[in-house]
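Residue numbers (the working numbering): 6 to 199.
Just so it is clear, CB atoms sit at the ideal spot from N, CA and C, and this is done for glycine as well.
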């Protein structure tokens, strides 16, 4: 069996394992969570909630009381909706439009989220669990993640322009999700990326 067919077999097996939650699931996180934006920690709390809005991975939501309202400005970019309010995140001259969603939950579809707010993960400059930076989404406490280095060369190009060439790619295997390939930043042409 080649490493490619072994990897495909692994992906097939893992993809067939159902996620732990198929409906909205909320639980308290035991971790300290901090959000950095515009050079400030706009949020620093041990009251974060892990919320599975989709069955594949959680996101963080927070009680409205843990985010200083001076960092919020009601957003004019979004149409009002009955169960939510949208805010821009503002620190000095830094702003992220529609970055914060507050669940007011006057309807029944989102009543479990009442009194919570969500900061768009990509809107923040950095997210930290305890003192470790996290990327894309919070770690799922119910999933195993393995990162394996591959002994091969991987090239990424767009329209014939090489964006990355590495002999040190890593595969990230996460239960229930597609296998993802990562490359060291030193092997990526950052000057070509936006």
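> Whole-angstrom Cβ separation of residue 174 and residue 159, contact assumed at under 8 Å?
Replying inline: Position 169 of the chain shown, counted from the first residue, corresponds to residue 174. Position 154 of the chain shown, counted from the first residue, corresponds to residue 159. Residue 174 to residue 159, Cβ: 4 Å. Contact.
> How do the segment 149 to 164 and the segment 128 to 135 stand: do at least 3 beta-carbon pairs fall below 8 Å, yes or no?
Replying inline: no
>> At the 9 Å Cβ level, is residue 187 part of the contact set with chain D, yes or no?
In response: Any reference to chain D falls outside this structure, which holds one protein chain only.
> Mind pulling the beta strand (DSSP E) runs of 3 or more residues that sit fully within the segment 23 to 53?
Replying inline: 30 to 33, 38 to 42, 45 to 50
> At what residues does the beta strand (DSSP E) containing residue 66 begin and finish?
Replying inline: As a first step, residue 66 must be located in the chain shown, where it is residue number 61. It spans 64 to 68 - the beta strand (DSSP E) in which residue 66 sits, taken as one unbroken run.
>> In chain order, what are the residue ranges of uninterrupted beta strand (DSSP E) at least 3 long that sit wholly in the segment 86 to 169?
In response: 89 to 96, 99 to 108, 121 to 124, 131 to 134, 137 to 139, 150 to 154, 159 to 163
> Three or more C-beta pairs closer than 8 Å, one from the segment 31 to 51 and one from the segment 114 to 129: is that the case here?
Replying inline: yes
> Expressed to the nearest angstrom, what Euclidean distance is found between the alpha-carbon atoms of residue 54 and residue 70?
Replying inline: What you label residue 54 is simply residue 49 of the chain shown in a count that begins at 1. What you label residue 70 is simply residue 65 of the chain shown in a count that begins at 1. In a straight line, the C-alpha of residue 54 is about 13 Å away from that of residue 70.
> What do you get for residue 116, buried or exposed, if any count of 16 or more other CB atoms within 10 angstroms of its CB means buried?
Replying inline: Locating residue 116 in the chain shown gives position 111, where the first residue counts as 1. That one is exposed.
> Where do the N-terminal and C-terminal ends of the beta strand (DSSP E) with residue 177 fall, by residue?
Replying inline: Taking the first residue of the chain shown as position 1, residue 177 is located at position 172. Taken as a continuous stretch (DSSP letters only), the beta strand (DSSP E) holding residue 177 covers 175 to 179.
> How many Å lie between residue 181 and residue 65 at the Cα?
Replying inline: Locating residue 181 in the chain shown gives position 176, counting from the first residue. Locating residue 65 in the chain shown gives position 60, counting from the first residue. Approximately 19 Å between the Cα atoms of the pair.
> Is residue 197 buried or exposed, if buried means 16 or more other CB atoms sit within 10 Å of its CB?
Replying inline: Translated into positions along the chain shown, residue 197 becomes position 192. The residue is exposed, with fewer than 16 neighbouring Cβ atoms inside 10 Å.
>> Taking 7 Å as the limit between beta carbons, can you name the residues of its chain near residue 162, skipping five residues before and five after?
In response: Within the chain shown, numbered from 1, the residue matching residue 162 stands at position 157. Closer than 7 Å at the Cβ level, and outside the excluded window around residue 162, lie 168.
>> Once DSSP output is grouped into helix, strand and coil, what is the label at residue 171?
In response: Locating residue 171 in the chain shown gives position 166, where the first residue counts as 1. Strand.
> Which residues share a DSSP beta bridge with residue 56?
Replying inline: Sequence index remark: in the chain shown, residue 56 carries index 51 (1-based). Answer is 31, 64.
>> Just to confirm before moving on: does the CB-CB distance between residue 77 and residue 93 stay below 9 Å?
In response: By one-based count along the chain shown, residue 77 stands at place 72. By one-based count along the chain shown, residue 93 stands at place 88. Result yes, Cβ atoms of residue 77 and residue 93 sit closer than 9 Å.
> Quick one: Cα of residue 165 to Cα of residue 60, how far?
Replying inline: The count along the chain shown starts at 1 and reaches residue 165 at position 160. The count along the chain shown starts at 1 and reaches residue 60 at position 55. One C-alpha to the other measures close to 37 Å.
>> Let me confirm a value: residue 87 is counted as buried when at least 16 other C-beta atoms fall within 10 Å, else exposed. Which label applies?
In response: Start at 1 with the first residue of the chain shown, and residue 87 comes out as number 82. Residue 87 comes out exposed.
> If you compare alpha carbons, which of 118, 98, 123 is closest to residue 105?
Replying inline: For the purposes of this step, residue 105 is taken as residue 100 along the chain shown, with counting starting at 1. Comparing Cα-Cα distances from residue 105 to each of 118, 98, 123, the minimum goes to 123.
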